[in-house]
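Using this note's numbering, the first residue of the sequence shown is number 39, and each one after it goes up by one.
For every residue, glycine included, the Cβ atom is placed at its ideal position computed from N, Cα and C.
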Amino acid sequence: MRRVSIFGATGSIGQNTIDLLRRAPEAYDVVALSGGRNIAQLAQDARTLRAEVAVTAFPERLDELRAALTGSDVQAAAGPDALIEAASRPADWVMSAIVGAAGLQPGLAALGQGATLALANKESLVCAGPLVLETARKGGGRILPVDSEHSAVFQALIGEELASVERVIITASGGAFRDWPLEKLPEATLAQASRHPNWDMGQRITIDSASMFNKALELIETKEFFQVPPEMIEVIVHPESLIHALVGFNDGALMAHVGPPDMRHAIGFALHWPERRKLPVERLDLASVARLSFREPEDARYPALRLGRAVMRRGGLSGAVFNGAKERALDGFLAGRIGFVDMAGIVEDVLNRFEADPGLLDGDMTLENVMQTDHLAREWADTAMQERAG
Ligand code: NAD
Ligand code: MG
């Protein structure tokens with residue numbers, strides 16, 4: 039029996055992971071499941087999967103969780119420390135699928151105890167790539183990417199030397215507004231930004247796909263995870279979302295990973311690696327696909343990409359600034375405080391303010407510095423939003 043835990047179990051990635059576990063329940067011993075405010079879902083999954091412990095991220099929901107678990111053997115816990123404690127419990131495989139920088143510490147705890155971390159939470163690598171990799175090295179843990187593009191690159195690299203790689207190309211659907219006239223973007227509503235053309239995902243990453251902040255995070259994730267230089271990493275808009283990434287080699291060959299937009303492929307790959315087991319994903323019928331198209335991402339439509347490139351080159355703590363400011367700006371858009379196109383402006387303001395005092399970006403990559411930087415970036419994003427409103 040493999041001991042497995044899922045952080046962010048109630049979300050889109052978490053539920054897809056549970057779907058796969060349920061297909062072979064005898065193979066897994068579930069240690070911890072975590073969620074947020076969807077207590078009913080968390081309790082129900084913890085009961086049916088017979089988890090050791092269920093954790094809600096929010097302490098004020100602990101009583102509700104306890105009540106929902108009455109009569110079962112599942113322990114109830116709540117809050118950030120409880121998440122870290124649960125992630126420190128010995129497990130063979132841990133899914134990191136919390137959204138945002140909140141996923142960093144549970145992921146570090148899992149790597150520290152030697153688990154294989156299936157990493158959907160790209161924010162961990164964006165905020166603290168070197169720290170995450172070092173924690174894995176020291177703790178004996180291993181990271182397997184779950185982001186579809188990064189899983190695709192990982193698969194294209196099997197059996198290859200990194201030294202023979204010339205370029206890494208990650209694809210982007212272009213998001214909800216890829217075909218909108220640019221001058222209409224300032225009017226984009228929350229409901230419109232929350233509809234992805236191809237993928238069914240959590241709301242935050244869906245909006246980040248429309249702005250391409252998601253792709254910007256993925257550029258940094260690519261650099262940190264595969265340790266390839268920024269100038270080798272490209273983004274191409276591919277509206278069909280069937281090719282997830284391509285790796286180009288010295289001899290000119292391009293290896294592409296092709297499949298339907300279903301996260302159970304990347305999750306299942308990470309769950310069964312190094313084996314390839316049968317997965318319940320649609321098999322592509324190429325004749326009915328008929329056509330794959332590509333185009334350059336437009337700078338004016340996706341300013342987040344330019345910011346992400348600069349951060350990828352800058353390194354240091356700039357990833358934590360970028361992510362923290364982006365999370366706050368997204369909170370602002372979700373709350374109706376700012377418009378869709380304002381998000382990139384806010385993040386740029388915050389980056390400029392940090393850049394003006396380079397000492398802030400060049401501190402050591404410790405957990406404490408990352409958390410402080412994240413905190414300050416959010417504070418300055420709030421200030422930037424207030425200034426815009428006033
Ligand atoms: P989601 O919003 O559907 O789920 C997020 C999960 O995190 C939920 O379980 C929620 O309860 C929990 N959560 C929210 N705030 C929290 C906090 N402060 N502390 C602890 N837990 C909290 O998100 P998702 O779409 O499943 O994405 C999860 C992660 O996977 C993100 O990092 C995202 O970028 C990444 N990812 C998702 C997809 C996808 O297809 N959904 C694809 C690639 C990568
Ligand atoms: Mg992705």
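Query                                                                                                                          : Result
Under 6 Å, CB to nearest heavy atom of ligand 2: contacting residues                                                           : D185, S186, E187 and E256
Pairwise C-alpha distance: D323 and L255                                                                                       : 31 Å
Nonlocal neighbours in the same chain, by C-beta distance under 8 Å from R85, ignoring five residues either side               : L107, S110 and V112
I243 Cβ short of 8 Å to ligand 4 heavy atom set                                                                                : Looking at this structure, you won't find ligand 4 anywhere; what it does contain is ligand 1 and ligand 2.
heavy atom of ligand 1 below 8 Å from T209 C-beta                                                                              : no
N- and C-terminal bounds of the beta strand (DSSP E) containing G286                                                           : I281 to F287
Given K160 as reference, the closest of G370, P183 and L169 once Cα atoms are compared                                         : P183
Contacts around A95, its chain only, beta-carbon distance under 6 Å, and the 5 residues preceding and following it disregarded : G74
Environment of R329 [buried if 16+ CB atoms lie within 10 Å]                                                                   : exposed
C-alpha gap between V285 and A294, whole angstroms                                                                             : 7 Å
Residues of its chain near A367, where Cβ-Cβ distance is below 6 Å and the 5 sequence neighbours each way are ignored          : M381, I384, V385 and A419
DSSP three-state assignment for P183, whether helix, strand or coil                                                            : strand
Same chain, Cβ closer than 6 Å to K364, neighbours up to 5 away in sequence not counted                                        : F251 and V385
Separation of M39 from E460, as counted between CA atoms                                                                       : The requested residue 460 is not part of the displayed model; the chain covers only 39 to 428.
Host beta strand (DSSP E) of F45 (start-end)                                                                                   : R40 to F45
CA-to-CA distance, I243 to L228, given in whole angstroms                                                                      : 13 Å
Ranges of the beta strand (DSSP E) found wholly within the stretch 51-93, counting only runs of at least 3                     : 66-73
Cβ separation of S126 and Q151, assumed to be a contact under 8 Å, to the nearest whole Å                                      : 6 Å
Cβ separation of D395 and A422, assumed to be a contact under 8 Å, to the nearest whole Å                                      : About 16 Å separates the two Cβ atoms, so there is no contact after all.
When F192, A147 and V164 are compared against I122, the one with the closest alpha-carbon                                      : A147
Cross-strand partners of E272 (DSSP beta bridge)                                                                               : I207
Residues that L326 bridges to, as DSSP identifies them                                                                         : The sequence shown places Ser at residue 326, not Leu. Paired residue(s): none; S326 is not in a bridge.
I281 beta carbon near ligand 1 (any heavy atom closer than 8 Å)                                                                : no
contact_flag[the stretch 290-308, the stretch 335-345] where n(CB pairs < 8 Å) is 3 or more                                    : no
Spatial distance of G212 from V275 (CA atoms)                                                                                  : 6 Å
Unbroken alpha helix (DSSP H) run spanning Q143, endpoints                                                                     : L142 to G150
Segment limits, beta strand (DSSP E) that includes M250                                                                        : Taken as a continuous stretch (DSSP letters only), M250 belongs to no beta strand (DSSP E), as it is neither H nor E.
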